[in-house]
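One structure below.
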Amino acid sequence: MNWILLAILTAFFYGTYNVFIKVSSGHINQIVGAVILQVVAALVGSLVLVFLKITNSPLVISQKGVVYAIFAGIAVGLAEITSFYVFSKGVSISVGLPIIIGGSVLVGAILGLTFLGETPNPIHYLGIATIIAGIIILTIK
Numbered sequence: 001m002n003w004i005l006l007a008i009l010t011a012f013f014y015g016t017y018n019v020f021i022k023v024s025s026g027h028i029n030q031i032v033g034a035v036i037l038q039v040v041a042a043l044v045g046s047l048v049l050v051f052l053k054i055t056n057s058p059l060v061i062s063q064k065g066v067v068y069a070i071f072a073g074i075a076v077g078l079a080e081i082t083s084f085y086v087f088s089k090g091v092s093i094s095v096g097l098p099i100i101i102g103g104s105v106l107v108g109a110i111l112g113l114t115f116l117g118e119t120p121n122p123i124h125y126l127g128i129a130t131i132i133a134g135i136i137i138l139t140i141k
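Each residue of the sequence shown is one higher than the one before, starting from 1 at the first, in my numbering.
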């Protein structure tokens, strides 16, 4: 699958998952909601893993990959918990979600520059500046 289509599909999944966090956040304890979300996500991932194993798809696993996956799991677990807290405060999805997703893109870009040695071009810097401006605009009351 083309990476752009895959990225759009991923954005769709992130968007819908955040909407479901928003609509459930007023009806469930934040930690309970995050744990349920994570258990269901682990079950879905496990089913896909079983499918890959049954179809003899190559499964590359390295110690470095496992360690980074653990760190990613910690980060996403905390992100899910804090998302439930954000939306339980009554923040609208049209304001909260762009700040969360835009902010995560900004953090990822900064980490890519500082720790991964990536070198964006001027258009990429313009995109990063636009994200910062968007976050500022959304937080103005």
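Glycine residues also receive a C-beta, built at the ideal position from the N, C-alpha and C atoms. Quick caveat, the model's predicted, so the values are computed rather than measured.
Query, Result
"From 137, 119, 88, residue whose alpha carbon lies closest to that of residue 19", "88"
"For residue 113 and residue 119, the rounded distance between their alpha carbons", "6 Å"
"Integer Cβ distance of residue 105 from residue 131, believed to fall under 8 Å", "6 Å"
"Same chain, Cβ closer than 6 Å to residue 144, five either side skipped, listed in chain order", "Given that the chain is displayed from residue 1 to residue 141, the structure contains no residue 144 and the question cannot be resolved."
"Reference residue 21, options 123, 80, 59, closest by Cα", "80"
"Pairwise C-alpha distance: residue 74 and residue 93", "24 Å"
"As assigned by DSSP and simplified to three states, the class of residue 122", "helix"
"Backbone CA spacing between residue 139 and residue 25 [nearest angstrom]", "21 Å"
"Whole-Å CB distance - residue 68 paired with residue 30, under 8 Å assumed", "No, residue 68 and residue 30 are not in contact; Cβ-Cβ is about 27 Å, not under 8 Å."
"Whole beta strand (DSSP E) elements within the stretch 50 to 110, 3-residue minimum", "none"
"Proximal residues to residue 70 (C-beta, below 6 Å), its chain only, five neighbours per side dropped", "none"
"Residue 8, DSSP secondary structure in three states", "helix"
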